[in-house]
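Residue numbers (the working numbering): 294 to 429.
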């Protein structure tokens, strides 16, 4: 039986952010089906605007939800704030499924996957005696 979760159907959080542009995330739908939480997101997800989603997921985990289905079809922007949420949920054996990935979400996931595959490169420190690159 599907039940409504603690978040209202249209929770919007505005954050001016460092660049002056408002960051808004909308939890447009939030229901549970057994121990699975199903959430539809819309808007922009960054570290600051993701606070209500982080709180919702913490509450869901505390009440025994072990599955999460995130519908991101209407997400127009996302950054590492979303990645942090996606990495945190599966801890303690919880399951995560992303459905209807928007273009920004898919781009972020592709970039994160590519970054994990890149070997870590270190550079040797340069000294004052070492000539720099020539731009002539």
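Cβ atoms here follow ideal geometry from the backbone N, Cα and C, with glycine treated the same way.
Neighbour-count burial assignment, residue i, 16 or more Cβ in a 10 Å radius
i           : result
residue 411 : exposed
residue 356 : exposed
residue 327 : exposed
Distance between beta carbons of residue j and residue i, contact taken as under 8 angstroms
i           : j           : result
residue 381 : residue 361 : Wrong, their Cβ atoms sit about 10 angstroms apart, outside the cutoff.
residue 370 : residue 397 : 5 angstroms
residue 323 : residue 349 : 7 angstroms
Pair within 9 angstroms by beta-carbon distance, residue i and residue j
i           : j           : result
residue 363 : residue 401 : no
Distance, residue j Cα to residue i Cα
i           : j           : result
residue 342 : residue 318 : 6 angstroms
residue 383 : residue 377 : 11 angstroms
residue 321 : residue 332 : 8 angstroms
residue 325 : residue 353 : 9 angstroms
residue 404 : residue 379 : 14 angstroms
residue 359 : residue 385 : 9 angstroms
residue 409 : residue 391 : 19 angstroms
Spatial neighbours of residue i in its chain, beta-carbon cut-off 7 angstroms, leaving aside the 5 residues before and after
i           : result
residue 428 : Caution is warranted here: a pLDDT of 37 is assigned to residue 428, below 50, making its placement in the model unreliable, and no coordinate value can be reported.
Close beta carbons around residue i, own chain, < 6 angstroms, minus the five adjacent residues each side
i           : result
residue 336 : 317, 318, 319
residue 393 : 364, 366
residue 395 : 365, 366, 368
residue 302 : With a pLDDT of 45 at residue 302, under the threshold of 50, the predicted position of this residue should be treated as unreliable, though the coordinate-derived value follows. Taken in chain order, the list of residues that qualify is empty.
residue 339 : 316, 372, 374
residue 330 : 353, 358, 361
Close-in-space but distant-in-sequence residues of the same chain around residue i (CB under 8 angstroms, 5 per side omitted)
i           : result
residue 334 : 318, 319, 320, 321, 346, 363, 364, 365, 367, 368
residue 407 : none
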